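Undergrad: Residue numbers (the UniProt record's numbering): 6 to 205. Every residue gets a Cβ at the ideal spot worked out from N, C-alpha and C, and that includes glycine. All figures in this text were calculated on a predicted structure; none of them were measured in a lab. There's a structure below that I have some questions on.
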Ligand code: GRF
């Protein structure tokens with residue numbers, strides 16, 4: 006399976022995926038990495054691994070919709086089976102979802118439907134929950150509302166700051182991401198209503 010990964014930040018999830026893909030038995034490979042900004046560690050990780058990259062900044066387009074269509078076009082050039090948002094901080098628009106709905110997945114640092122949005126780890130800490138985690142889901146037009154593929158639970162410790170909690174979440178998130186994407190790539194998957202099932 007060919008995967009395009011979209012990033013905006015440090016790219017530790019991307020790195021875990023790149024390493025998993027080195028084993029041919031994993032069943033997937035990262036064919037390209039796209040970003041909405043340059044100068045980020047995630048792009049450097051892709052370049053070190055010899056993976057082609059593209060950067061499309063919203064500010065370089067007249068409208069958000071034009072940017073969205075350009076992103077869809079850039080991704081389409083790689084004809085991916087799966088598109089993974091791994092720390093990509095932009096919402097997909099209608100053109101992108103029309104092309105890739107059902108095969109665009111995102112990882113979120115909280116146990117959805119709790120704590121959607123930009124600050125999943127911080128919001129869980131502020132609320133005072135004792136267990137949080139990460140969720141892999143199929144992107145739909147809402148904010149972190151799509152069908153859930155996998156989740157992993159992480160304890161919140163009394164001494165946690167947003168940073169220590171998010172770091173603990175990211176360790177579990179990487180394992181979940183790598184295991185789940187590998188299975189999706191090898192077995193295929195279908196989305197039936199809110200259920201995601203493996204198999205072709
Ligand atoms: C992850 O926790 C992701 O869920 C969140 O941002 C983080 C990205 O980390 N949206 P990285 O760029 O993969 O290191």
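Would the beta-carbon of residue 8 be found less than 7 Å away from any heavy atom of the ligand NAP?
TA: The model depicted lacks the ligand NAP and carries the ligand GRF instead.
Undergrad: Using only the alpha-carbon positions, how far apart do residue 116 and residue 80 sit?
TA: Taking the chain shown and counting its residues from 1, one reaches residue 116 at position 111. Taking the chain shown and counting its residues from 1, one reaches residue 80 at position 75. Cα to Cα, residue 116 sits roughly 28 Å from residue 80.
Undergrad: Would the beta-carbon of residue 14 fall within 8 Å of that of residue 47?
TA: Position 9 of the chain shown holds residue 14. Position 42 of the chain shown holds residue 47. Yes, Cβ-Cβ distance for residue 14 and residue 47 is below 8 Å.
Undergrad: Whose C-beta lies closer than 7 Å to the C-beta of residue 174 among residues of the same chain, with five residues either side of it excluded?
TA: The residue given as residue 174 occupies position 169 in the chain shown. So the qualifying residues of the chain are 114, 126, 137, 138, 139 and 159.
Undergrad: If you draw a straight line from the C-alpha of residue 195 to the C-alpha of residue 145, how long is it?
TA: The sequence position of residue 195 within the chain shown is 190, counting from 1. The sequence position of residue 145 within the chain shown is 140, counting from 1. So the alpha carbons of these two residues sit roughly 14 Å apart.
Undergrad: What is the C-beta distance between residue 181 and residue 141, in whole angstroms, given that I count them as a contact (C-beta under 8 Å)?
TA: Stepping through the chain shown from its first residue, residue 181 is reached at position 176. Stepping through the chain shown from its first residue, residue 141 is reached at position 136. Confirmed, about 6 Å.
Undergrad: Can you find the residues in the same chain that come closer than 7 Å, C-beta to C-beta, to residue 36, ignoring five residues on each side of it along the sequence?
TA: Residue mapping note: residue 36 aligns to position 31 of the chain shown, counting from 1. Cβ neighbours of residue 36 beyond the five flanking positions: 7, 8, 9, 83 and 85.
Undergrad: Between which two residues does the alpha helix (DSSP H) carrying residue 99 extend?
TA: The residue given as residue 99 occupies position 94 in the chain shown. Segment 99-105, the alpha helix (DSSP H) holding residue 99.
Undergrad: Between the Cα of residue 40 and the Cα atoms of 69, 54 and 90, which residue gives the shortest distance?
TA: What you label residue 40 is simply residue 35 of the chain shown in a count that begins at 1. When only C-alpha atoms are compared, the closest one is 90.
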